[in-house]
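Asker: Chains as they are written, first to last, in our numbering: chain A, 17 to 624; chain B, 17 to 624.
2 protein chains.
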Amino acid sequence: MTIEYQYEQLEESGTLENFRRARDGKDGGFQGMWFQDSDAYKWLEAASYELAKADDTNLRERVDEVIDLVAAAQEDPGYLNTYFQLVEPEMKWTNLNIMHELYCGGHLIEAAVAHYEATSEESLLDVAVDFADHVDDIFGDQIDGVPGHEEIELALVRLYRTTGEKRYLDLAQYFVDLRGHDDRLKWELEHPSEIGGRSWNDGALIPAEGGGSPLLDEDGEYVGTYAQAHTSAREQEKVEGHSVRAVYLFAGVTDLVAETGDEELFDAVERLWENMTTKRMYVTGGIGPEREHEGFTEDYDLRNEDAYAETCAAIGSIFWNQRLLELTSEAKYADLIERTMYNGFLAGISLDGTRFFYENPLESSGDHHRKGWFTCACCPPNAARMFASLGQYIYSNIDGVLTVNQYVGSTVTTTVDGTDVELTQSNSLPWSGEVTLTVDTDGPVPIRLRIPEWAADVSISVDGGNVNQNDDYVELDGEWSGETIDVHFNQDAELVRAHPEVKSDAGRVAVKRGPLVYCAEAVDNDRPIHQYALSSEAAIDEEHRDELLDGVTVLQADAEVPSLDGWDGSLYRPDEETDIESIQLSMVPYYAWDSREPGEMQVWIRVT
Amino acid sequence: MTIEYQYEQLEESGTLENFRRARDGKDGGFQGMWFQDSDAYKWLEAASYELAKADDTNLRERVDEVIDLVAAAQEDPGYLNTYFQLVEPEMKWTNLNIMHELYCGGHLIEAAVAHYEATSEESLLDVAVDFADHVDDIFGDQIDGVPGHEEIELALVRLYRTTGEKRYLDLAQYFVDLRGHDDRLKWELEHPSEIGGRSWNDGALIPAEGGGSPLLDEDGEYVGTYAQAHTSAREQEKVEGHSVRAVYLFAGVTDLVAETGDEELFDAVERLWENMTTKRMYVTGGIGPEREHEGFTEDYDLRNEDAYAETCAAIGSIFWNQRLLELTSEAKYADLIERTMYNGFLAGISLDGTRFFYENPLESSGDHHRKGWFTCACCPPNAARMFASLGQYIYSNIDGVLTVNQYVGSTVTTTVDGTDVELTQSNSLPWSGEVTLTVDTDGPVPIRLRIPEWAADVSISVDGGNVNQNDDYVELDGEWSGETIDVHFNQDAELVRAHPEVKSDAGRVAVKRGPLVYCAEAVDNDRPIHQYALSSEAAIDEEHRDELLDGVTVLQADAEVPSLDGWDGSLYRPDEETDIESIQLSMVPYYAWDSREPGEMQVWIRVT
């Protein structure tokens with residue numbers, strides 16, 4: 017449904033019409049944001065993942081139609097960006113800070129790789145290769161500079177992996193190494209008349225005043241933090257600036273490390289991941305608290321009500337973590353992917369997949385709602401490609417071990433060290449922790465199961481193979497002929513505290529159960545949510561309700577609220593004259609909030 | 017010191033130069049905000065109060081000099097506003113919404129009355145009378161309309177009381193009755209070209225977009241709430257709009273009621289006072305939480321960190337409450353004056369009287385500081401006239417009873433029902449509740465002492481007279497010949513809760529002692545303030561420290577903070593693995609905050 021819906025949006029928003037006009041050599045008439053081409057590419061990528069899962073003639077024809085359009089719009093020798101082709105053909109590559117030609121090109125490449133992998137057809141790959149060759153010809157030669165919005169880096173590594181052409185890897189390395197050491201972004205800011213007259217603030221989500229742009233410091237001097245261009249990725253200590261850009265960059269850097277084994281760069285991404293996950297990340301996996309520059313601020317600044325926590329930043333974090341997981345096989349990255357998927361990302365999309373949050377606050381007075389589309393419509397097509405590519409996150413096959421990273425019902429047929437494997441997974445997550453795996457192999461194949469961070473107790477029953485267990489993984493060595501592995505992960509609800517430096521969460525707890533973060537909504541509770549305080553030793557009851565929110569497990573916890581007695585006509589009263597009452601607080605999974613009657617919502621609940 | 021300092025500011029800001037240019041018939045060259053004349057009038061009023069207390073030749077000469085200037089700048093027949101005289105002489109009285117000619121004129125009248133009462137000289141009174149006569153000639157005849165910013169109403173009643181001219185009272189009644197029923201303010205908004213081209217948003221503290229102006233509703237339709245012009249004062253149910261304007265209006269309305277006995281209007285001010293004090297007032301007495309329109313919002317919206325709570329609104333509230341006290345003799349108004357004086361107002365001024373808060377938040381991350389002057393410099397001269405007129409708030413003489421409303425060291429010599437009285441008051445407030453009064457009379461004079469709302473226990477020893485006591489007052493009937501009345505008000509520190517609907521204060525307490533609200537500042541405490549939670553049964557120690565903040569009583573309370581153990585490398589941990597530690601929280605009076613090293617400050621402290 018989402019793929020079809022979003023195709024309609026591409027037509028309605030003028031995105032496809034822009035390609036048609038460029039194809040026909042027309043002048044002007046561009047519709048939408050100047051980086052709108054990327055919506056078409058994200059849609060092509062998502063549609064390709066769908067085609068990889070199951071061929072669908074209608075969808076394939078529609079995809080081919082869009083690819084034909086994109087290919088026909090491409091200029092010789094490889095340039096492709098309908099905004100510049102239609103509006104400012106003489107200004108190509110002049111404004112790397114905000115004009116996003118390389119960002120759009122990166123999405124073109126990602127779509128092309130996905131399409132090639134799904135169909136073995138080179139129609140879109142040829143377009144991407146021509147584009148990449150054109151960029152390679154120009155950058156480092158006619159222009160030395162990096163894009164304001166990262167994306168091309170990880171795309172080029174993908175293109176290298178698909179084509180084997182090392183110069184794409186080198187080009188990715190060029191962009192990564194130059195960032196923080198180039199003079200281009202600063203020069204552009206200082207010469208607005210030479211970059212097409214479009215200034216930094218023009219149309220970008222950056223306020224015109226008030227120090228909102230971390231490209232500049234308090235004195236108005238260029239610092240580049242917004243675009244992670246304050247220093248080389250190699251030297252960065254903290255995740256900074258626009259959060260989507262940051263995690264896209266780090267995903268690309270991790271790809272480079274995987275190909276080059278660059279230890280210094282690896283140390284940098286580990287250090288940045290540590291900073292993000294231990295000081296700058298919401299309990300939902302969301303990142304980037306600040307609206308003004310859509311990004312990171314200070315350690316422990318995790319404001320709840322006006323949290324930005326952009327849906328696309330959660331998606332980017334998943335991209336980055338998946339690359340770290342593939343590189344290291346460390347379960348912590350899969351844990352964070354799961355946490356972000358079920359909470360920070362999933363909350364961004366309505367239950368029916370047609371409305372989206374751009375921002376994902378952890379507290380609301382009831383006036384924040386999902387919308388069908390946005391002026392800057394990055395989230396919906398990004399969410400579509402995330403959903404369509406979910407399968408890529410479930411299993412990995414590294415060093416001869418078939419690893420189950422995510423618990424998602426699925427069947428995988430693959431080859432591990434030359435041995436054929438068919439593995440079928442069914443489970444009852446996130447509502448209860450039962451996982452059943454059935455495995456068939458041609459010979460001995462070790463199978464590894466991630467033990468989720470939230471699983472306090474794990475029990476496993478296997479009718480074949482030996483069980484080895486550590487904190488992060490259970491490993492089963494054996495030969496399999498249809499045996500069943502039954503796993504139970506305990507997922508009692510638990511109260512979680514935030515670090516004492518987090519001012520917004522002081523004296524509060526979040527409630528988690530299994531991979532899910534819960535929240536309290538006005539619609540389920542009699543009193544305003546802010547009046548509730550949970551007891552630290554609260555008994556928490558669980559009830560699965562099939563009819564509610566497409567089926568959720570609801571939590572009921574012992575809580576206190578202030579008695580309303582004696583308040584009549586008083587605004588302030590001595591504490592000793594006031595009283596409390598016992599009550600139950602009802603909670604639902606955070607991802608499902610704002611699906612019913614609007615009202616107060618809180619993830620972090622006061623605790624007595 | 018403040019009077020002298022502010023005179024220098026009048027010169028520096030160009031305020032006096034504007035009058036000189038108008039006097040000399042010059043064109044243009046106006047400096048400052050268009051309502052800057054009012055700064056000169058507020059200064060004259062404050063200086064007159066000083067002259068009433070003690071003659072000072074230098075100050076008297078300076079006052080006469082400024083009065084000469086003001087008189088010379090006045091046009092025939094009575095118009096006076098240097099902005100219009102210098103800049104737009106053809107546009108007088110065209111823009112009542114924001115051009116503040118009547119507001120400035122109101123301050124001229126207040127200054128004139130104060131000067132006449134202090135000196136018996138009519139030099140400034142003549143100017144005020146000419147202005148008022150001019151207004152009376154025009155309004156209701158050539159123009160039907162009310163000013164966007166109230167002030168003229170209360171001023172006209174003052175002028176009536178001083179001169180006995182009933183038409184000033186009638187003119188005040190005209191402005192009060194027309195507000196909410198006039199079409200002028202709306203008409204102006206719809207015809208910007210006919211009101212000098214200056215639009216509502218031009219220079220006013222109203223955002224250009226985003227629904228900040230409560231003159232308009234969500235659909236952009238005129239509602240007038242910002243200027244209390246949504247309906248007649250008679251019909252208003254809640255305090256709304258710009259808070260300074262609101263309380264100035266209600267002060268004027270209360271004055272009218274005192275003169276006319278209008279019961280419907282009296283019911284309205286009582287109803288509005290109830291709404292303000294039981295739903296829309298900070299524990300400090302501050303009012304108006306919202307920055308965008310400097311005013312009131314919704315019941316129980318009492319946000320702390322970004323509280324606006326303008327210093328001038330606290331001053332205006334004191335004006336209003338003093339009029340209610342004089343009208344009714346009810347102690348609750350004197351209580352609120354005391355609370356506002358010591359907290360919401362006093363915090364607005366630095367200990368040395370040279371720097372000011374425009375806004376008075378109840379919580380800060382340490383980046384809010386007093387400044388020497390403001391573009392819109394209403395607070396400093398308003399604070400000066402408040403300080404200079406303090407004496408007017410101490411005693412009242414109503415119905416043959418000499419009432420001590422405020423506990424301020426002073427001597428009063430007066431006549432009560434024909435009997436001469438000399439009363440001397442000394443006390444140790446706010447640090448301890450000892451009050452000593454010595455009274456000499458020519459015959460029997462009942463003396464009434466307010467029992468402050470915060471005094472749980474009261475003990476009185478009198479060596480003359482009989483004691484009658486109710487909840488609000490102690491009354492002593494007697495003939496006095498130098499007898500001493502010793503009073504002790506118990507002022508143990510106490511914890512106060514806000515109404516359960518106040519989201520910002522949920523799970524928090526404020527600490528009060530006597531008339532003072534306390535706060536915790538980073539400079540006195542080891543941990544960030546947000547980490548502290550007081551125990552409901554906290555033992556609170558008191559220590560008076562003469563060397564600190566010009567001498568304050570410091571409070572130390574038992575508190576808890578989270579243990580920092582085990583947090584290394586963690587951002588979120590299970591509640592059951594975390595621990596708390598006992599600690600002391602040190603607090604100082606709120607009025608003295610931001611006088612030392614900047615850092616976190618909180619009035620409302622979490623409670624366990």
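We treat Cβ as the ideally placed atom computed from N, Cα and C, and that holds for glycine.
Bear in mind the structure is a predicted one, so any value in this text is a computation, not a measurement.
Determine, using beta carbons only, whether Thr327(A) comes closer than 8 Å to chain B.
Answerer: Translated into positions along the first sequence, residue 327(A) becomes position 311. By this cut-off, Thr327(A) is not an interface position.
Asker: State the Cα-Cα distance for the pair Val490(B) and Ala89(B), rounded to the nearest angstrom.
Answerer: As a first step, residue 490(B) must be located in the second sequence, where it is residue number 474. As a first step, residue 89(B) must be located in the second sequence, where it is residue number 73. Spanning the two alpha carbons is a distance of roughly 52 Å.
Asker: Return helix, strand or coil for Tyr132(B), following the three-state DSSP convention.
Answerer: For the purposes of this step, residue 132(B) is taken as the residue at position 116 of the second sequence. It is helical.
Asker: Under 7 Å, CB to CB, which of the residues in the region 377-401 of chain B have a partner in chain E?
Answerer: Checking the listed chains, one finds no chain E in this structure; the protein chains it contains are A and B.
Asker: By how many angstroms is the C-alpha of Pro590(A) removed from the C-alpha of Trp50(B)?
Answerer: Here residue 50(B) corresponds to residue number 34 of the second sequence, with the count starting at 1. Here residue 590(A) corresponds to residue number 574 of the first sequence, with the count starting at 1. Near 46 Å, if we compare the C-alpha coordinates of Pro590(A) and Trp50(B).
Asker: What three-state label does DSSP hand His546(A) in the structure shown?
Answerer: In the first sequence, residue 546(A) corresponds to position 530, counting from 1. Of the three classes helix, strand and coil, the one that applies to His546(A) here is helix, per DSSP.
Asker: How about Gly585(A): is its C-beta nearer than 8 Å to some C-beta of chain B?
Answerer: Reading the first sequence from its first residue, position 569 is the one you call residue 585(A). At least one chain B Cβ lies under 8 Å of Gly585(A).
Asker: Distance, Cα to Cα, Gly425(B) vs Glu290(B)?
Answerer: For the purposes of this step, residue 425(B) is taken as the residue at position 409 of the second sequence. For the purposes of this step, residue 290(B) is taken as the residue at position 274 of the second sequence. Their Cα atoms are separated by approximately 31 Å.
Asker: Determine, using beta carbons only, whether Leu580(A) comes closer than 8 Å to chain B.
Answerer: To locate residue 580(A), count along the first sequence from 1; it is residue 564. Answer yes: the Cβ-Cβ gap between Leu580(A) and chain B drops below 8 Å somewhere.
Asker: When we look at the beta-carbon of Asp55(A) and count the other beta-carbons within 10 Å, is it buried (16 or more) or exposed?
Answerer: Residue mapping note: residue 55(A) aligns to position 39 of the first sequence, counting from 1. Burial call: buried.
Asker: Taking the alpha-carbon positions, what's the Gln76(B) to Thr135(B) distance?
Answerer: The residue you call residue 76(B) lines up with position 60 of the second sequence. The residue you call residue 135(B) lines up with position 119 of the second sequence. According to the sequence shown, residue 76(B) is Arg rather than Gln. Roughly 9 Å between the two C-alpha positions.
Asker: Please classify Gly301(A) as buried or exposed, where buried requires at least 16 neighbouring CB atoms within 10 angstroms.
Answerer: Counting from one through the first sequence, the residue named residue 301(A) turns up at place 285. It is buried - the Cβ of Gly301(A) has at least 16 other Cβ atoms within 10 Å.
Asker: Can you pull the chain B residues whose beta carbon is under 8 Å from the beta carbon of Asp591(A), in chain order?
Answerer: Looking up residue 591(A) in the first sequence gives position 575. Ordered by position in chain B, the residues that pass the 8 Å Cβ test against Asp591(A) are Glu510, Leu511, Val512, Arg513, Val525, Ser552, Val623.
Asker: In this structure, how does DSSP classify Phe51(A) when only helix, strand and coil are distinguished?
Answerer: Here residue 51(A) refers to the residue found at position 35 of the first sequence. Of the three classes helix, strand and coil, the one that applies to Phe51(A) here is coil, per DSSP.
Asker: For Asn486(A), name the three-state secondary structure that DSSP assigns.
Answerer: In the first sequence, residue 486(A) corresponds to position 470, counting from 1. Asn486(A) falls in the coil class under three-state DSSP.
Asker: What does the alpha-carbon distance come out to for the pair Leu32(A) and Asp84(A)?
Answerer: The residue you call residue 32(A) lines up with position 16 of the first sequence. The residue you call residue 84(A) lines up with position 68 of the first sequence. So the two alpha carbons sit approximately 11 Å from each other.
Asker: Taking the alpha helix (DSSP H) that Asn291(B) falls in, what are its first and last residues?
Answerer: Position 275 of the second sequence, counting from 1, holds the residue named residue 291(B). From DSSP, the alpha helix (DSSP H) with Asn291(B) extends over 279-295.
Asker: Can you name, in chain order, every residue of its own chain whose Cβ lies under 7 Å from the Cβ of Arg183(A), other than the five neighbours on each side?
Answerer: The residue given as residue 183(A) occupies position 167 in the first sequence. Counting only Cβ-Cβ distances below 7 Å, and skipping sequence neighbours, we find Asp152.
Asker: For Ser380(A), which three-state DSSP category applies?
Answerer: As a first step, residue 380(A) is located in the first sequence; it is residue number 364 there, counting from the start. Of the three classes helix, strand and coil, the one that applies to Ser380(A) here is strand, per DSSP.
Asker: So, with DSSP's three-state summary, where would you put His207(B)?
Answerer: Residue mapping note: residue 207(B) aligns to position 191 of the second sequence, counting from 1. Of the three classes helix, strand and coil, the one that applies to His207(B) here is coil, per DSSP.
Asker: Taking the alpha-carbon of Ile334(A) as reference, which of Ala350(A), Ser248(A), Thr344(A), Phe372(A) has the nearest alpha-carbon?
Answerer: Taking the first sequence and counting its residues from 1, the one referred to as residue 334(A) is at position 318. Of the listed residues, the one whose Cα sits closest to Ile334(A) is Ala350(A).
Asker: Taking C-beta pairs closer than 7 Å, name the residues in chain B that Met617(A) reaches, listed in chain order.
Answerer: As a working note, residue 617(A) is residue 601 in the first sequence. By Cβ distance, chain B contributes nothing, its closest Cβ being about 13 Å from Met617(A), past 7 Å.
Asker: Is DSSP giving Ile114(B) helix, strand or coil here?
Answerer: Within the second sequence, residue 114(B) is the residue found at index 98, counting from 1. Ile114(B): coil per DSSP, three-state reduction.
Asker: Please report the residue range of the beta strand (DSSP E) in which Val570(A) lies.
Answerer: Looking up residue 570(A) in the first sequence gives position 554. Element bounds for Val570(A): 568-578.
Asker: On the DSSP letters alone, give me the boundaries of the beta strand (DSSP E) that Pro460(A) sits inside.
Answerer: Your numbering for residue 460(A) matches position 444 in the first sequence. Counting along the chain, the beta strand (DSSP E) containing Pro460(A) begins and ends at 450-460.
Asker: Is Phe373(B) helix, strand or coil when you go by DSSP?
Answerer: As a position in the second sequence, residue 373(B) is number 357, starting the count at 1. Three-state DSSP puts Phe373(B) in coil, outside helix and strand.
Asker: Which residue's Cα is closest to the Cα of Glu204(B): Glu117(B), Asn113(B), Gly332(B), Glu167(B)?
Answerer: Here residue 204(B) corresponds to residue number 188 of the second sequence, with the count starting at 1. Residue Asn113(B) is the option with its Cα nearest to Glu204(B).
Asker: Suppose you measure from the CA of Val570(A) to the CA of Ala538(A); what does that come to, to the nearest Å?
Answerer: Within the first sequence, numbered from 1, the residue matching residue 570(A) stands at position 554. Within the first sequence, numbered from 1, the residue matching residue 538(A) stands at position 522. Answer to the nearest angstrom: the Cα atoms are 14 Å apart.
Asker: Whole angstroms is fine: what's the gap from Gly364(A)'s alpha carbon to Gly30(B)'s?
Answerer: Within the first sequence, the letter at position 348 stands for residue 364(A). Within the second sequence, the letter at position 14 stands for residue 30(B). Near 55 Å, if we compare the C-alpha coordinates of Gly30(B) and Gly364(A).
Asker: Would Ser326(B) and Ser380(B) qualify as a contact pair, given that the criterion is a beta-carbon distance under 8 Å?
Answerer: As a first step, residue 326(B) must be located in the second sequence, where it is residue number 310. As a first step, residue 380(B) must be located in the second sequence, where it is residue number 364. Looking at the sequence provided, one finds Glu at residue 326(B) rather than Ser. No, they are not a contact pair.
Asker: If you pair each beta-carbon of the region 414-429 of chain B with each one of the region 336-355 of chain B, do three or more pairs fall below 8 Å?
Answerer: Yes: the two stretches touch, three or more of their Cβ pairs being nearer than 8 Å.
Asker: Residues of the region 554-577 of chain B in Cβ contact with chain A at a cutoff of 9 Å, in chain order, please.
Answerer: Cβ contacts with chain A: Val577.
Asker: Given this structure, state the Cα-to-Cα distance separating Gly240(A) from His246(A), to the nearest angstrom.
Answerer: Walking along the first sequence from the start, residue 240(A) turns up at place 224. Walking along the first sequence from the start, residue 246(A) turns up at place 230. Using only the alpha carbons, I get a separation of about 5 Å.
Asker: Who does Gln441(A) pair with in a DSSP beta bridge?
Answerer: Indexing the first sequence from 1 puts residue 441(A) at position 425. For Gln441(A), which the question treats as bridged, DSSP gives the partners Ser426(A), Leu453(A).
Asker: Once the 5 residues before and after Ile211(A) are set aside, which same chain residues still bring their CB inside 6 Å of it?
Answerer: Residue 211(A) sits at position 195 when you count from the first residue of the first sequence. Excluding positions up to five away in sequence, the list reads Thr110, Asn111, Glu204.
Asker: Need the endpoints of the beta strand (DSSP E) that Tyr184(B) sits in, please.
Answerer: Within the second sequence, residue 184(B) is the residue found at index 168, counting from 1. Where Tyr184(B) is concerned, there is no enclosing beta strand (DSSP E), although the alpha helix (DSSP H) it sits in stretches over 182-194.
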